[in-house]
Structure formats: C-alpha cells, structure tokens
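Structure first, commentary second.
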Amino acid sequence: MNRILQILGILIFLISCKSSEIGQQSEFKIENDSINLYAFIGEKIAVIEFDPNENNTRIKIDSITGDTIRRMSYMMDNGFRNKYKVVRNIFNDLKTDTIEFVAYDHYGRPGFENYENVILYISLNKEKGYFYHQKYQYDVVEKTKKGTWKGLHGESIENLFNKKKKGVLTARGLFD
Numbered sequence: 001m002n003r004i005l006q007i008l009g010i011l012i013f014l015i016s017c018k019s020s021e022i023g024q025q026s027e028f029k030i031e032n033d034s035i036n037l038y039a040f041i042g043e044k045i046a047v048i049e050f051d052p053n054e055n056n057t058r059i060k061i062d063s064i065t066g067d068t069i070r071r072m073s074y075m076m077d078n079g080f081r082n083k084y085k086v087v088r089n090i091f092n093d094l095k096t097d098t099i100e101f102v103a104y105d106h107y108g109r110p111g112f113e114n115y116e117n118v119i120l121y122i123s124l125n126k127e128k129g130y131f132y133h134q135k136y137q138y139d140v141v142e143k144t145k146k147g148t149w150k151g152l153h154g155e156s157i158e159n160l161f162n163k164k165k166k167g168v169l170t171a172r173g174l175f176d
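According to UniProt numbering, the sequence shown is numbered sequentially starting from 1.
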C-alpha cells in the first residue's frame, strides 16, 4: 500500500511538471489572411545595403505627340535587402523557415539590424512579388531560460504585438 502511494505521488508530480511546461509553451499567434501583414520573431542572417535609385528611369511614349518621356524618381531613403530566419510566426503564417524582404530607412541603417532577435512587421507587395518592412516597426525580444520569448522590459509577445496593432499599424490602415 505504501509503495502504491509512492508511485502514485511520483506519477502526479511528473504529470504536473509536464502540464506546467505545456502551459509555459503556449504561444500567442493570430491568423487573418485578409490583412496584408506578417509579424514574426526573426533571427538575423544578413542585412545588405543597396542603392534604391539604381535603374530609376522609366521611358514612356506620349500618346498624343509621340515624344519620348523619361521619368526619373528619387528615393530619399537608404535601401536594404534583409534575410532572416523565421523563428516563430506571430501574425499570419509565412510558411517558410527564412524570409527575404526589403527595408527603407531615412535616417541611415535600420535599427533592427543591431539586434540578433526581433519581432519584424512586413507586408507583401502583391504587384511586384516581394516582402517589404513596415518602416521603423520592430520590437527587440530575447529568449528566457524557460524557452519563452519576451521584450527587453519583460513584455509578453502578445502585449508587444497588440501595442503595435492599436498604435501605428492601425494608423497606417492595416487594422480598423
């Protein structure tokens, strides 16, 4: 009888340890394919600068006069091609383990490149078929000893995402 109680006690202990581990691993994630936004925890692979004004001349023929019109556009931002490992999807599913996207920054280099792990907010340019970074939007995150992710000030991933959602992402028209 005493032996059965010991085994039962050990079994209950092991089950409770496993269930608390599962509770800690519950991950915040939302899917809404009608919104052109992907938020994910990314691990930096590469950030490479490019000239966004290269090949910026479009040539058209005026339909009335037949004259050749050269249109030049100038971007006042620095351009960057970025490659990140997708550690975890937060909003919508990128369905890939690495992602490449472009980012533009008016002040120099993008702030997110200074950190190994960040939440990045990107959208798909459906006409041109590439992803672009939602300008200046990222959150620095770190992995805890328990294997969960949090912001630099202890914020949960859910809180970080919802702050962006209610603020700048709503102001940009991505959310109502």
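Don't be surprised by glycine CBs; every beta carbon is placed ideally from N, CA and C.
| Check | Outcome |
| --- | --- |
| For residue 122, count neighbouring C-beta atoms within 10 Å of its own C-beta (all shown protein chains included) and say buried if the count is 16 or more, exposed if not. | buried |
| Assign residue 101 to buried or exposed, taking buried as 16 or more other Cβ atoms, counted over all protein chains shown, within 10 Å of its Cβ. | buried |
| Quick one, which of 130, 169, 51 has its alpha-carbon nearest residue 137's? | 169 |
| With DSSP collapsed to three states, give me the class of residue 111. | helix |
| Determine which residues share a DSSP beta bridge with residue 143 and list them. | 149 |
| Tell me whether residue 133 is buried or exposed, calling it buried when 16 or more other Cβ atoms sit within 10 Å of its Cβ. | buried |
| If I measure Cβ to Cβ from residue 124 and keep anything under 7 Å in the same chain, skipping five residues before and after, which residues do I get? | 36, 131 |
| Among 65, 153, 110, whose alpha-carbon lies nearest the alpha-carbon of residue 82? | 110 |
| Taking its Cβ as the centre, do 16 or more other Cβ atoms sit within 10 Å of residue 46, making it buried, or is it exposed? | exposed |
| Span of the beta strand (DSSP E) holding residue 43? | 38-50 |
| Leaving aside the five residues before and after residue 31 along the sequence, list all residues of the same chain whose C-beta is less than 7 Å from its C-beta, in chain order. | 92, 93 |
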